[in-house]
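Counting in the numbering used here, the sequence shown tops out at residue 727, every number present. Just so it is clear, CB atoms sit at the ideal spot from N, CA and C, and this is done for glycine as well. Quick caveat, the model's predicted, so the values are computed rather than measured. Only one structure is covered here, and it is reproduced in the block below.
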Amino acid sequence: MTRKPSVGLLLLWISKNTVLAVDDSQVSLVIPSTADEISSILSQVELGGDKESFESAQTNVSTASDTSTETNFKTKGATNEHCSIYLAPSSIPDAQTNLPAGFGIYTTRNIDKGDYIWRNGEGPSVVIPDVRINYQHLLKTRYDYTDEEIPANMIPSWAQYIFLYPCVGFNMETYDPKMQKINSLESNMNLGSIANFHPFLQNVAYDDTDWYEDGLLDRYQDPGAGAFSYHRGKYWYAERDIEAGEELFADYGEYWFLDRQLGDSGKHIPRSKDYEKVAQMCEGWIDKAMQANHSDWLKQEDLDELLSKYQGKNSERVLSLIPKTVEDMSSLLRVATEVSHKERIDALQMEMAKRTTIREQATVSWIEENGLCLENIVPRKSTIRQAGMGAFAQWSIEKGEVIVPVPTLVQVVNTEAFDIFEMEDDGETYFAYGEIPYTKQLLLNYCFGNPNSTMVVCPATNANLINHCGPLVKGEGACQDGIPNAMVRFATEFDPMTKDWLDLDLEDIEERVKNKQRGISLEVVALRDIEPNEEPFDYEIQIFIDYGRSWEEAWLEHVRNWRPPKDEGFFPVSRLNKNVTVYLRTEEELETRPYPQDVRVGCFLQGFFHPCSILQKLDMTAADVPFAYDEGDSLPGQRRPERLPVYKVELTKQSPGGTWEIGYKWRFPNDSATTYVTSKQIRFFPGPYNSDQHLPGTFRHRIDAIPDEEWPERWKNKKNTNVQYSWV
């Protein structure tokens with residue numbers, strides 16, 4: 000089944016006719032009071048798509064032996080025995096060499112508009128709270144920086160590669176009422192880290208919020224609580240029909256990426272308006288091309304005259320898109336003659352955009368020959384209870400085969416930059432205090448390092464799902480003997496740049512990171528043949544690596560010393576969301592029956608979740624309203640709307656208005672608005688600093704899985720006091 004995109008952060012569909020009731024200052028609008036008026040509003044609401052079907056297909060979290068039947072989001076014709084998403088050299092060429100500028104993600108299957116990219120889920124995203132505040136506090140207290148020496152928006156150099164989209168909002172678990180600078184980030188896997196940007200070829204987007212699951216462990220009983228991310232990854236979907244062989248492109252935000260991030264180096268890259276300008280310029284020649292009955296309807300002098308008009312007018316980007324020969328121009332125009340009149344401009348722009356890429360890479364055979372599979376492993380509840388989710392083989396993997404490539408976009412030369420200090424709110428803003436951090440960023444638990452080094456490298460693929468198996472910490476199933484079935488090593492073959500980086504000193508690496516360069520990749524390799532069961536979604540073989548003796552000893556010490564936090568009536572948010580109508584309370588009810596903990600309530604409308612309060616539960620359901628359900632809004636087998644309760648709610652604009660949450664839009668005339676939504680559009684989110692991730696005493700330790708002999712001696716600055724470098 001194809002789902003209708005619920006219009007996430009990267010692409011918005013906004014109804015021009017949405018009726019809203021707002022506060023008293025908007026005197027031209029009034030609050031609807033009749034069923035017909037409410038029906039009019041509800042019929043125009045853009046629901047969030049069938050996320051429930053996606054979640055049920057991924058879940059399998061109740062027991063390790065659960066299996067799933069066929070699910071509605073599987074792409075037609077695809078089977079779980081064939082990889083269809085690959086990492087390979089990008090089709091975006093380097094401006095100087097015309098060779099691939101880096102890695103990209105490709106599909107070898109057709110993906111319909113609205114279909115999910117990851118058929119069986121992906122690795123977790125990791126929230127990095129208050130990174131700016133903590134880093135600047137570290138510089139002041141440990142390195143004697145003054146306020147004047149620290150730019151207001153200064154963040155650690157490695158954070159430049161972290162996705163910026165949810166810097167505020169429901170995913171971030173933090174709150175700063177006056178925040179106007181980048182502060183909190185979220186590290187996303189796969190498409191969220193590796194997908195490239197093209198001003199016109201964007202074809203994937205993700206929904207506004209990710210899947211949050213905090214019910215796997217109990218903070219009062221499990222020492223592993225807060226040691227892994229509860230954010231289970233993004234709902235990436237196709238913005239348009241995607242053909243097999245295409246590279247997958249995400250929208251970074253044209254201004255943010257080309258102007259702010261690339262600066263001068265991005266000035267030559269055509270913008271979307273440049274494609275439109277050239278397409279409109281060429282459209283006038285199309286009718287002439289279609290009517291001409293001779294081969295020389297377009298002459299080189301005509302083309303030269305056109306090109307001369309844009310010489311010396313700061314039109315480098317436009318000139319780069321205009322074909323320079325009659326043959327090339329004719330082939331461009333020919334594309335537009337094969338579509339309807341109203342599709343001409345789009346067809347011309349698409350063809351021009353494709354010509355800016357390395358075209359010979361857009362074939363399935365090339366991708367399979369030159370790429371590495373990103374779908375060999377899928378998430379499922381780990382056989383090791385304290386580990387949360389694990390990586391399971393989706394099909395047979397031979398001994399010596401690369402299970403998953405691990406490019407690392409985040410290289411941190413000193414994990415001091417992960418320190419988190421106590422926070423305080425003075426009524427105006429949040430600030431850090433104290434000289435001793437109370438914990439480190441959760442991201443550390445997913446990064447690879449060495450006991451004798453301050454440096455770590457952090458994965459950008461599903462490798463962050465792989466759990467530990469070793470002689471001191473064993474599990475069940477494939478780890479019951481304490482022997483892992485996979486290992487991690489530096490990848491010098493599929494990423495030639497890795498070898499160069501392994502020869503660098505830490506100071507040189509930090510300098511490259513500051514200059515927004517990347518170059519270290521790892522790979523996870525099978526140590527023996529891995530043969531899962533053949534039934535769909537029946538994964539019997541979990542993938543394990545050895546995190547190292549230092550990690551095992553640290554974990555066992557943590558378990559011995561662990562004490563549960565004070566019982567303050569915490570209730571998992573994911574349990575609240577399993578039955579929203581039972582736990583949802585109006586503002587009046589909250590006065591006498593508050594929620595069991597500090598939670599936030601969000602209402603989905605026009606592509607985003609907004610903070611909202613429940614004013615009233617109405618004595619009607621969605622089935623009483625003439626909903627215009629289509630295949631993407633309904634669940635499998637439904638012939639009529641679900642009987643969803645209807646609520647009157649007040650929406651509030653998210654602070655600070657999307658300054659750093661790229662894509663967040665508030666489409667209403669005032670900072671608050673009253674409207675009506677169904678229970679399907681309401682979700683609970685963890686309150687600020689309320690999830691297990693923020694508990695004191697949670698386990699934090701890097702992964703020491705790379706063999707010590709492979710870790711460069713020049714990086715072992717803890718062992719060798721002669722290794723001198725500056726990282727701040």
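Backbone secondary structure at residue i - three-state DSSP
i	result
PRO711	coil
THR438	strand
VAL512	helix
ALA34	Any reading at ALA34 must be qualified, since the residue scores a pLDDT of 48, below 50, and its modelled position is unreliable; no value is offered.
VAL277	helix
ASN716	coil
HIS758	The question about residue 758 has no answer here: the residues shown for the chain are numbered 0 through 727.
GLN179	Residue placement at GLN179 cannot be trusted, given a pLDDT of 48 that sits under 50; what the coordinates show is reported in the next sentence. Coil, per DSSP.
HIS293	Below a pLDDT of 50, predicted positions are generally treated as unreliable, and HIS293, at 47, falls in that range; no measurement from the model is reported.
TYR164	Its pLDDT being 46, under 50, TYR164 is placed unreliably by the model, and nothing is read from it.
ALA63	Low confidence applies here, because ALA63 scores a pLDDT of 31, under 50, leaving its location unreliable; read the following figure in that light. Looking at ALA63 - three-state DSSP - the assignment turns out to be coil, as it is neither helix nor strand.
GLY731	No information on residue 731 is available, as it lies outside the stretch 0 to 727 that the chain covers here.
HIS230	strand
GLU45	Since pLDDT at GLU45 reaches only 38, below the 50 mark, its modelled position is unreliable, and the value read off the structure follows with that caveat. Of the three classes helix, strand and coil, the one that applies to GLU45 here is coil, per DSSP.
GLY76	Bear in mind that the predicted position of GLY76 carries a pLDDT of just 28, short of 50, making it unreliable; the figure below should be weighed with that in mind. Note: GLY76 maps to coil in three-state DSSP.
TYR743	This structure does not reach residue 743, given that the chain is present from 0 up to 727, and the question cannot be answered.
ILE154	coil
ILE132	helix
ILE241	strand
ASP629	Only weak support is given to the placement of ASP629: the predicted model assigns it a pLDDT of 35, under 50, and the question is left unresolved by the model.
Residue span of the beta strand (DSSP E) that contains residue i, given as start and end
i	result
ALA431	429-432
THR414	Where THR414 is concerned, there is no enclosing beta strand (DSSP E), given that its DSSP letter is neither H nor E.
ALA525	519-525
ASP303	No beta strand (DSSP E) holds ASP303; the alpha helix (DSSP H) holding it covers 299-307.
PRO404	401-407
TRP235	235-237
ASP424	421-424
Reference residue i; option with closest CA among the options
i	options	result
LYS616	LYS473, VAL581, ASP146, ILE241	VAL581
ASN189	ASN182, VAL203, SER183	VAL203
ASP114	TYR236, VAL558, TYR229	TYR236
LYS439	ALA431, ASP418, VAL456	ASP418
ARG218	GLU245, PHE447, ASN689	ASN689
ARG131	PRO483, SER183, SER319	SER183
GLU245	GLN360, GLU304, ILE154	GLN360
SER612	LEU318, VAL558, TYR675	TYR675
PHE248	LYS513, GLY225, THR106	THR106
ALA243	ASP111, GLY252, LEU332	ASP111
GLY223	HIS693, VAL598, SER319, LEU614	HIS693
THR382	ALA485, GLN541, ALA416	GLN541
THR324	ASP301, GLU342, HIS81	ASP301
ASN484	ALA158, ASP250, LEU471, GLU530	GLU530
PRO563	GLN220, PRO610, CYS82	GLN220
Residue i - partner residues in DSSP beta bridges
i	result
CYS372	TYR85
GLY601	PRO610, ARG682
THR674	VAL648
LEU184	ILE127
VAL487	VAL523
PHE391	VAL377, GLN541
GLN615	LYS647
ILE396	ILE529
THR140	Bridge partners of THR140: none, in fact.
PHE736	Given a span of 0 to 727 for the chain in the structure shown, any question on residue 736 remains unanswerable.
ILE702	PHE447
PRO92	PRO99
ILE110	ILE241
THR355	Answer is none; THR355 lacks a bridge partner.
THR362	Its beta-bridge partners do not exist; DSSP assigns none.
TYR211	HIS230
TYR115	TYR236
Range covered by the alpha helix (DSSP H) that runs through residue i
i	result
SER330	325-335
ASP499	496-501
VAL317	315-320
GLY191	190-193
Minimum Cβ-Cβ distance from residue i to chain B less than 8 Å
i	result
GLU708	Absent here is chain B; the protein component of the structure consists of one chain.
Every unbroken beta strand (DSSP E) within the segment 539-593, with a cutoff of 3 residues, ordered by chain: 541-544
Every unbroken beta strand (DSSP E) inside the segment 449-473 [3 residues or more]: 455-457
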